[in-house]
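Numbering (the working numbering), first residue to last: 225 to 1004.
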């Protein structure tokens, strides 16, 4: 009656004049036999409209659920306060009731049950700071009294679950969030104001787990995982136990642990109870009892994957046994791939034997993989053996990574295992090296110390771990050098390379000489020096590729030019390879660019390219070259053409050819060997080399060999003319090539007679008595 008296009609067409409704309402006219019936129907519709409005209002504001809770509560104090709250809330809410709802055939009401306080869901956040439904007295009670706040918090959970559509019971979530007695009301209020996104993700993880377990199982574990000392005692458990000591510090005990000795203080950014619950959730879904009840292997894979990914995305919770879940997931996926039709049966058998993806010894992992390999063979898997091998190697690395997380100081055992030539663990070793790098902070340490490791206990332990006996493959050294080099390069800024090369040049020289000296170095020190030198050499290659003009590049050129050791050649080759990779050029294109640059150390490499071509020819042809007589002179000339100071030495040796026949003949033979390159396919004329001969040595060559000899050398370098009998091409048969080489060798012998002090009979064939070319060879 209060509602009817206080509220006006929703519009000017209904319930204004009863006579008008009797005469105009179609339903009334159709269903009435008399005036009395019409009058009764009109009154009934009037009361029905307001009653429906009231019922919808009561349901929407949760007054029914609140009344049921009120009636069942046995605490007189709470019952009295709740009664007053219920009545005051009803009166207040009726003042703002939406009368237009009377005109609707269907009224939308939130599908939420079990609430304990009456209020509207959509405005619950405002109710924490205003009294639009409750008066100030009840707000103070709710946010200052623990019992009343629990009633409010219970309803917030129920409405949040309904909003995000998570299929968990309110009581379960209430236990999950309130089992930590150290939490205060202010922290609980933050859950729905600041932390609601992460809270929702955590609840979804528990909802996902219901594919494998039931809610009551994990709820019982959550109730038992808390121990406070004093007064309680620690009991052995299959799950993690959260211990609060003297109401101050938390300790997290692993399964089957009953003592706090050697246990670190448990640090958690979020709620320690929630993190412990997540860890125990993992233990539960991995337990043999749960796996034995599984009906579908795909259900296991999906559930494990969703939970693993969800936990990984949480910002406030580390969940230390996450790697165990991910390792188990890798195991399940491996079985699904290798035994698609028998994966579930094998999983149950392995789980029944006590397997939980947790190993105490590194060797136990390898033994387990060996046993699994035998089981897969016995199951007669149809998968290719290479795929089986790769899958098992990857699985073993996942187990090793999880084991290393709990045994960080024992990484040497894994390095030893990886270095074994009988396994391929190095394929997936990046994860292991990442853990070691993060533990020792290797990359930043090398950068700060310019390639040198400090002499502290951590790095001494690293070096001891790298001193692997009976090393044959040296896989670990190579992998670590490449990885550290790559990570050092990731920190390089392109615009700072010139300055870095300048600042670190003294350390480059020092580290270079340290390795080149041949002194015995620790394995760890050798790895760090090599990685740093590769890092510096690649920066130098970058500067060369960008045609940098920094002064330090000239110093580096002089240093590398003077270095003629195998290690120095290796560094040079590495630099050239880096330039090729950066520039995307071929070796031939690179030569055309750098042959005219003022970079001395790189020139012998291009000369060696020609030497290699000549070597290839000698493998198929016996060249008419000095093998005994004039052998020393020939090797001398070859060495001069390969030297960095080629131009100065060539000028001296050409002048010496003017009066030394053996050297003159050897000099000409080197050009014949050079000419033999043209028997190989895709060998083009080296125009730059011919230009050097023509411009730098023309006068000296004419003086020592006469214009005839000079032209002979130019023809050898250019493969003669197209119409010449002596032009070589790769389609020639060896016999034809040999004839031409032999004829040219005879010509070289005759030309060399120019170097004799007195003319001889053979010398007169080409030269006159003054050892010069005649004006006309046709003259008698």
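Idealized CB from N, CA, C, for every residue including glycine.
For residue 477, which residues does DSSP report across the bridge?
465
In angstroms, rounded to a whole number, what distance separates the CA positions of residue 275 and residue 323?
12 Å
Quick check on DSSP: helix, strand or coil for residue 451?
strand
Determine the burial state of residue 357: buried for a count of at least 16 other Cβ atoms within 10 Å of its Cβ, exposed for fewer.
Here the model assigns residue 357 a pLDDT of 45, short of 50, so the residue's position is not dependable, and the following value carries that caveat. By the neighbour-count rule (16 or more Cβ atoms within 10 Å), residue 357 is buried.
Are the CB atoms of residue 531 and residue 194 within a distance shorter than 8 Å?
With the chain covering only 225 through 1004, there is no way to say anything about residue 194.
C-beta contact flag for residue 974 and residue 984 at 8 Å
no
Output yes or no for whether 8 Å exceeds the beta carbon distance between residue 527 and residue 432.
yes
Note down, in chain order, each residue of its chain lying with its Cβ closer than 7 Å to the Cβ of residue 560, except the 5 sequence neighbours on either side.
521, 525 and 567
How about residue 443 and residue 474: are their beta carbons less than 8 Å apart?
no
Can you check whether the CB of residue 763 is closer than 8 Å to the CB of residue 705?
no
Look up residue 984 in the DSSP assignment and say whether it is helix, strand or coil.
coil
Is residue 246 closer than 8 Å to residue 270 when the C-beta atoms are compared?
no
What's the C-alpha gap between residue 557 and residue 280?
52 Å
Within 8 Å, do at least three Cβ pairs link the region 494 to 505 to the region 462 to 476?
yes
Under the three-state DSSP convention, the category residue 531 falls into:
helix
Please return the same chain residues whose Cβ sits closer than 7 Å to the Cβ of residue 382, not counting the five positions on each side in sequence.
336, 338, 339 and 394
Using the Cβ count rule (16 or more neighbours within 10 Å means buried), how would you classify residue 543?
buried
Cβ pair residue 663, residue 691 closer than 8 Å
no
Sufficient close CB pairs (3 or more, under 8 Å) joining the region 443 to 462 to the region 474 to 491:
yes
Taking the continuous alpha helix (DSSP H) assigned at residue 704, which residues delimit it?
699 to 714
Taking the alpha-carbon positions, what's the residue 450 to residue 386 distance?
29 Å
Mind reading off the beta-carbon distance from residue 766 to residue 806? Whole number of angstroms is fine, and I expect it under 8 Å.
7 Å
Please report how far the alpha carbon of residue 861 lies from the alpha carbon of residue 870, in whole angstroms.
10 Å
Inter-residue Cα distance where the pair is residue 389 and residue 376:
20 Å
Mind checking which residues open and close the alpha helix (DSSP H) that includes residue 600?
586 to 602
Residues bridged to residue 489 [DSSP beta-bridge criterion]
475
Could you have a look at residue 346 and say whether DSSP puts it in helix, strand or coil?
Residue placement at residue 346 cannot be trusted, given a pLDDT of 39 that sits under 50; what the coordinates show is reported in the next sentence. Of the three classes helix, strand and coil, the one that applies to residue 346 here is helix, per DSSP.
Using 8 Å as the cut-off, can you tell me whether the region 887 to 899 makes contact with the region 964 to 971, which would need three or more C-beta pairs spanning the two stretches below that distance?
yes
Tell me whether residue 322, by its Cβ, gets closer than 7 Å to a heavy atom of the ligand MG.
As far as ligands go, the structure on display features none, and thus does not contain the ligand MG.
Pairwise C-alpha distance: residue 919 and residue 996
22 Å
Beta-carbon within less than 7 Å of residue 784's beta-carbon, same chain only, minus the 5 sequence neighbours each way: which residues are those?
792, 796 and 825
Quick one: is residue 735 buried, meaning 16 or more other Cβ sit within 10 Å of its Cβ, or exposed?
buried
Alpha carbon of residue 772 to alpha carbon of residue 719, nearest angstrom
11 Å
C-alpha distance - residue 492 paired with residue 541, whole-angstrom precision
7 Å
Report the option in 830, 639 and 714 whose CA atom is closest to the CA atom of residue 748.
639
Which residue's Cα is closest to the Cα of residue 615: 551, 938, 578 and 602?
551
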